[in-house]
Ligand code: ASP
């Protein structure tokens, strides 16, 4: 056998072994627990969405889907970890609209938000609420807006870092009001909510998944929802649009991503398990109680998510120009 033939044979063996291993990996996936990165603190709105979905996917996949909270820097720390993880399906992540705004807000983002990820599927669009500490001496949303204009130099708000939904919402609102307030960044609105409950800052714009129960139990005050339509689980809250903040419409769409390069069968299995979760009665019921609903199966397709994300990156790039700086 010539050296050339021997080399060719060896290469063929390596290829056969590698592709055989790939097929076996996909067939047996998942053979061990899956880590689901949430790039925000535990107890917050994304954590709530992710844990409900993880529980359902665990049942479908027959393996534990373990949530790992990795908050900080508006979610970019956790998404960086996800982008650099092995693309084998054993590390996935749930994040939201902040993934689309990050390229406009972070100069040196160490990953490309569209190209460095496999897009597993969209999950839900969560409306947001404008809320305050319980003892704020203000009644209706119109009064709150007047108070914000009047007391702007003294008011502080909590948020989950630059580009997070809570930051974005307040940036858009204060921009429309022509004022600036002092923001206090947290690793997520889970810990921010704890501080709002104890009155450490005044107001917050946060997702219904984190505020609904606190408003119902009168632990905080709810003033308005941030979507164009009212939210049925919060029937007393008007929209910001109807309160004079014309056209205001901000919500936090959530989705699941994996590092780029998943074997096709693994990606298909993950998307299929996600689709089951979106129809899971427990998920649907909990989402509804918290002011949201799963997206349709059509919207949850990987390609639909990729298209949506690319469009959002573009739209927010234009919307945030000159408004928010890192
Ligand atoms: N999603 C963040 C969290 O779970 C909050 C935010 O983006 O405002 O804490």
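Residue numbers (the working numbering): 17 to 342. All residues carry an ideal CB built from backbone N, CA and C; glycine is no exception.
Minimum C-alpha distance to residue 273 - residue among 66, 192, 153 and 75: Taking the chain shown and counting its residues from 1, the one referred to as residue 273 is at position 257. The candidate whose alpha carbon is nearest that of residue 273 is 66.
Neighbourhood of ligand 1 [Cβ distance below 5 Å to any heavy atom], ordered by chain position: 56, 60, 61, 62, 176, 180, 181, 182, 204 and 205
Start-to-end residues for the beta strand (DSSP E) that takes in residue 223: Within the chain shown, residue 223 is the residue found at index 207, counting from 1. From DSSP, the beta strand (DSSP E) with residue 223 extends over 219-223.
As assigned by DSSP and simplified to three states, the class of residue 315: Mapped onto the chain shown, residue 315 falls at position 299. Coil.
Closest by C-alpha distance to residue 320, when choosing among 176, 268 and 139: Along the chain shown, read from residue 1 onward, the residue named residue 320 stands at position 304. Residue 320 has its Cα closest to that of 139, out of 176, 268 and 139.
Residue nearest to residue 258 in terms of C-alpha spacing, selected from 156, 301 and 295: Locating residue 258 in the chain shown gives position 242, where the first residue counts as 1. It is 156 whose Cα lies nearest to the Cα of residue 258.
Residue 148 beta carbon less than 8 Å from that of residue 236: As a position in the chain shown, residue 236 is number 220, starting the count at 1. As a position in the chain shown, residue 148 is number 132, starting the count at 1. A contact, by the Cβ cut-off of 8 Å.
Opening and closing residue of the beta strand (DSSP E) in which residue 134 lies: In the chain shown, the residue the question calls residue 134 occupies position 118. That run of the beta strand (DSSP E) goes 133-149.
Residue 53 versus residue 93: straight-line alpha-carbon distance, rounded: Reading the chain shown from its first residue, position 37 is the one you call residue 53. Reading the chain shown from its first residue, position 77 is the one you call residue 93. Cα-Cα distance, rounded: 10 Å.
According to DSSP, residues forming a beta bridge with residue 109: Here residue 109 refers to the residue found at position 93 of the chain shown. Paired residue(s): 53 and 273.
Span of the beta strand (DSSP E), counted from its first residue to its last, around residue 200: As a first step, residue 200 is located in the chain shown; it is residue number 184 there, counting from the start. Here the beta strand (DSSP E) through residue 200 covers 198-201.
Cα-Cα separation between residue 301 and residue 81, rounded to whole angstroms: Numbered from its first residue, the chain shown carries residue 301 at position 285. Numbered from its first residue, the chain shown carries residue 81 at position 65. When rounded, the distance between both Cα atoms is 21 Å.
Endpoints, alpha helix (DSSP H) assigned at residue 45: By one-based count along the chain shown, residue 45 stands at place 29. Taken as a continuous stretch (DSSP letters only), residue 45 belongs to no alpha helix (DSSP H), as it is neither H nor E.
Straight-line Cα distance separating residue 324 from residue 232: Position 216 of the chain shown, counted from the first residue, corresponds to residue 232. Position 308 of the chain shown, counted from the first residue, corresponds to residue 324. Going from the Cα of residue 232 to the Cα of residue 324 covers about 33 Å.
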